[in-house]
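Q:
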Amino acid sequence: MVGKIQVPTVLVGNKKDLHMERVIKPEEGKKLADSWGAAFMESSAKENQTAVEVFKRIILEMEKADGNTPAEEKKCSVM
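Listed below in structure tokens is the structure:
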């Protein structure tokens, strides 16, 4: 078999700013994403949470799947 067995996936709930009209609770989205082995996030263009953040998260998940630690998670000790 060639390629990855697990494809990095991110479930994105949109229109986060319309909380009064919400049909699905964030917990439900998280639970579904967990059942898929996916990351979960919500976004809102109105609150300036744009597609850029979604794509950053997808890249982060791809790096994790490849066994790479993203730069912001790396830690070092100087002795």
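For the sequence shown, our numbering begins at 3 and goes up steadily by one. Beta carbons are placed, not taken as given, at the ideal position from N, Cα and C, and that holds for glycine.
1. With respect to the alpha helix (DSSP H) encompassing M64, which residues constitute its N-terminal and C-terminal limits?
2. Should M43 be labelled buried (16 or more other beta-carbon atoms within 10 Å of its own) or exposed?
3. Ends of the beta strand (DSSP E) at A41?
4. Tell me, which residues are paired with G15 by DSSP?
5. Let me make sure I understand the geometry here. Which of L20, I26, G39 and R24 has the alpha-carbon closest to that of E63?
6. If you count every other CB in all the chains shown that lies within 10 Å of the CB of S37, and 16 or more means buried, which is it?
7. On the premise that P10 lies in contact with A47, defined as a C-beta separation below 8 Å, what is that separation, rounded to the nearest angstrom?
A: Reading from the atomic positions:
1. A53 to A67
2. buried
3. A41 to E44
4. E44
5. G39
6. exposed
7. With 8 Å as the limit, A47 and P10 do not qualify as a contact, their Cβ atoms being about 23 Å apart.
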